[in-house]
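Engineer: The structure that follows is given in the form of structure tokens.
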Amino acid sequence: DGGRYIDTFAGVVTKDPETGEVNVGMYRGMIVGKDRIAKLMVPAQHWGRHFLKYKEMGKPMPVAIVYGWDDALPFSACSPIPHRGFSEWDVIGALRGEPVQLVKCETVDLEVPASAEIVVEGTMSADPSTFEMEGPYGEYTGWCEGKASPKPVVKIQCITHRNDPILRSSAEGARAGMPNEDTHIFPISLSAIAWNVLEDAGISGITDVWCTPFTMGTNIIVQIRKQHRGHAQQVAGALWSSSSSNWFYKMVTVVEEDIDIRSWEDIDWALAYRINAGEPGDLMVFGPTGGSVLDPSTRREDRDPITFGTGKWHRVLLDATRNWDFPRREEYGGQVYPPVNKLSVTMEKKVARRWKDYNLGIDYLTEDQRKKLTLEHLIDILPVIGRE
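Quick note on numbering: the sequence shown equals residues 1013 to 1400 in my numbering.
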């Protein structure tokens, strides 16, 4: 990393100077001096919109950074919660089952949890002359940007804390298969938020939503009860038009109810046999649009957050549902696709009940013995299964 990163699992509190709307977000921060923290600022985010308003007013933005306290804080702070007359404090209160006890900060007009471990108060200026070099940092993408760049700075003016305070942090920069806090808590909240986005847009037939771990919402899989032609395209359009799409939903995969969206075997099967790239709608590319400033698959010059306010993505829809443009066929029972080759529920239960009998002792063999099984031995099993 380019320096000591103190803000990796904290809640950053700001307020809209016009409406009074409060936001609690999670934004990385690197110590650049005794009383200065350089922050990654993306104007498309909630606190970024607050920042732009203070910039227009010619005033620095008050900031409070909360460390420690309840795990509902980082859980909510890193989630793209839509603000509709409520803030992250309301969501955190709902998760905890009781209101958050807030107190006024010492030097800025903001509120923080009364029992927080550590609170840092300060202001952030939009004057480029106050920016300092921040980065590189091993981010949630699993990649580490190799070059620092000028970022806005929180000028600290007060620190309060409990006795023997606990500083929470997160092991970021985790590629697939590595331990990381965000990649395990974030898919839970983002999956629920994406489902709300779809329902709020009036998209019917949604039966499950899953933002895959380690992609942090870059990839999302939606399961539907298909009701009309273009249903998958409607799903993708709703997600791509939401405010959270500046960071998420780069790739949208839509499947039907018979596909388990948390099983890569099911997903792989659906992608293989329900998508033909030459068929209209099966594979759709949309863009350019806004996108994550941290995605290294986008040219670095196209994801300058200060210049553009966001990154740059071309988005992809993979419509892995059965194509309703195909004619219905008599030999398929009046459906557009042949029936799936599978056992009946009754037969599956019989096989499960008799499984040890079918294996003829295979379950009890050593690994070496299993490797020596002959084709003749397996053939001996078939008549036993056939008798069922």
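Ideal placement from N, C-alpha and C gives every residue a C-beta, glycine not left out.
I'd like the list of long-range same chain contacts for S1304, defined as Cβ closer than 6 angstroms, with 5 residues on each side in sequence excluded.
Structural biologist: For the purposes of this step, residue 1304 is taken as the residue at position 292 of the sequence shown. For S1304, where only same-chain residues beyond five positions count, the Cβ hits under 6 angstroms are W1259 and G1323.
Engineer: Do T1020 and S1182 count as a contact pair if the criterion is CB distance below 9 angstroms?
Structural biologist: Position 170 of the sequence shown, counted from the start, is the residue given in the question as residue 1182. Position 8 of the sequence shown, counted from the start, is the residue given in the question as residue 1020. Contact flag set, yes.
Engineer: How far does the alpha helix (DSSP H) with L1210 in it reach, from first residue to last?
Structural biologist: Here the question's residue 1210 lines up with position 198 in the sequence shown. For L1210, the enclosing alpha helix (DSSP H) starts and ends at D1194 to D1212.
Engineer: For N1231, does the count of other Cβ atoms within 10 angstroms reach 16, so buried, or fall short, so exposed?
Structural biologist: Locating residue 1231 in the sequence shown gives position 219, where the first residue counts as 1. With 16 or more other Cβ atoms within 10 Å, it is buried.
Engineer: Please classify I1403 as buried or exposed, where buried requires at least 16 other C-beta atoms within 10 Å of its C-beta.
Structural biologist: The structure shown does not extend to residue 1403, since the chain is modelled only from 1013 through 1400, so no value can be given for it.
Engineer: Using a Cβ-Cβ cutoff of less than 6 angstroms, which residues in the same chain neighbour V1036 once the five nearest sequence positions on both sides are dropped?
Structural biologist: Within the sequence shown, numbered from 1, the residue matching residue 1036 stands at position 24. Excluding sequence neighbours, V1036 sits near G1023, V1025, A1089 and E1100.
Engineer: So does the segment 1265–1279 actually touch the segment 1306–1324, counting three or more Cβ pairs closer than 8 angstroms?
Structural biologist: no
Engineer: So, helix, strand or coil for L1283, using DSSP?
Structural biologist: In the sequence shown, residue 1283 corresponds to position 271, counting from 1. Residue state, collapsed to three classes: helix.
Engineer: Between L1330 and V1247, what straight-line distance do the alpha-carbon atoms span, to the nearest angstrom?
Structural biologist: Residue 1330 sits at position 318 when you count from the first residue of the sequence shown. Residue 1247 sits at position 235 when you count from the first residue of the sequence shown. Between the alpha carbons of L1330 and V1247 lies a gap of roughly 11 angstroms.
Engineer: Just to check my reading of the structure: I1168 and D1047 have Cβ atoms closer than 8 angstroms, yes? What is that Cβ distance to the nearest angstrom?
Structural biologist: By 1-based counting over the sequence shown, the position of residue 1168 is 156. By 1-based counting over the sequence shown, the position of residue 1047 is 35. I1168 to D1047, Cβ: 4 angstroms. Contact.
Engineer: Hey, does P1092 have any beta-carbon neighbour from chain D nearer than 9 angstroms?
Structural biologist: Protein chain content of the structure displayed is limited to a single chain, and chain D is not contained in it.
Engineer: Out of D1272, K1361, P1029 and T1031, state which residue places its alpha-carbon closest to the alpha-carbon of T1333.
Structural biologist: In the sequence shown, residue 1333 corresponds to position 321, counting from 1. When only C-alpha atoms are compared, the closest one is D1272.
Engineer: Quick check: the Cα distance between T1142 and P1162, rounded to an integer number of angstroms?
Structural biologist: Walking along the sequence shown from the start, residue 1142 turns up at place 130. Walking along the sequence shown from the start, residue 1162 turns up at place 150. Their backbone Cα atoms lie some 9 angstroms apart in a straight line.
Engineer: Does DSSP put I1104 in a helix, a strand or coil?
Structural biologist: Here the question's residue 1104 lines up with position 92 in the sequence shown. The answer is helix: DSSP assigns I1104 an H, G or I state.
Engineer: What do you reckon, are the CB atoms on L1306 and E1151 nearer than 9 angstroms?
Structural biologist: Sequence index remark: in the sequence shown, residue 1306 carries index 294 (1-based). Sequence index remark: in the sequence shown, residue 1151 carries index 139 (1-based). Contact: yes.
Engineer: Tell me which same chain residues have a C-beta within less than 6 angstroms of the C-beta of V1044, skipping the five on either side of it?
Structural biologist: Reading the sequence shown from its first residue, position 32 is the one you call residue 1044. Excluding sequence neighbours, V1044 sits near A1050 and E1144.
Engineer: Using CA coordinates, which residue listed in H1196, Y1066 and G1290 is at the minimum distance from M1228?
Structural biologist: In the sequence shown, the residue the question calls residue 1228 occupies position 216. When each option's Cα is compared against that of M1228, the closest is H1196.
Engineer: Hey, which unbroken runs of the beta strand (DSSP E) at 3 residues or more fall wholly within the segment 1081–1163?
Structural biologist: 1114–1116, 1123–1125, 1130–1136, 1144–1146 and 1161–1163
Engineer: Under the rule that 16 or more other beta-carbon atoms within 10 Å means buried, what is C1117, buried or exposed?
Structural biologist: For the purposes of this step, residue 1117 is taken as the residue at position 105 of the sequence shown. Around the Cβ of C1117, a 10 Å sphere holds 16 or more other Cβ atoms; the residue is buried.
Engineer: Given V1221, which residues of its chain have a CB within under 6 angstroms of its CB, disregarding the five upstream and five downstream residues?
Structural biologist: Against the sequence shown, residue 1221 aligns to sequence position 209. Excluding its 5 nearest sequence neighbours in each direction, V1221 has C-beta neighbours in its own chain below 6 angstroms: S1203, A1206, W1207 and V1234, listed in chain order.
Engineer: Please look up how many angstroms separate the CB atoms of E1133 and C1170, rounded, as I've assumed it's under 8 angstroms.
Structural biologist: Residue mapping note: residue 1133 aligns to position 121 of the sequence shown, counting from 1. Residue mapping note: residue 1170 aligns to position 158 of the sequence shown, counting from 1. Indeed they touch by this definition, with Cβ atoms about 4 angstroms apart.
Engineer: From the DSSP output, read off the bridge partner residues of H1173.
Structural biologist: Here residue 1173 refers to the residue found at position 161 of the sequence shown. According to DSSP, H1173 bridges with I1130.
Engineer: What residue from K1159, Y1079, M1359 and R1096 has the CA that sits closest to E1129's CA?
Structural biologist: For the purposes of this step, residue 1129 is taken as the residue at position 117 of the sequence shown. In this structure, Y1079 is the residue among K1159, Y1079, M1359 and R1096 with its C-alpha nearest to the C-alpha of E1129.
Engineer: Nearest-angstrom Cα distance between P1164 and S1257?
Structural biologist: Taking the sequence shown and counting its residues from 1, the one referred to as residue 1164 is at position 152. Taking the sequence shown and counting its residues from 1, the one referred to as residue 1257 is at position 245. Roughly 24 angstroms separates the two Cα atoms.
Engineer: Let me check one thing: in DSSP terms, what residues is I1043 bridge-paired to?
Structural biologist: Locating residue 1043 in the sequence shown gives position 31, where the first residue counts as 1. Answer by DSSP bridge pairing, in chain order: I1049.
Engineer: Quickly, what does DSSP pair F1298 with across the bridge? List them, please.
Structural biologist: Within the sequence shown, the letter at position 286 stands for residue 1298. For F1298, which the question treats as bridged, DSSP gives the partners R1327.
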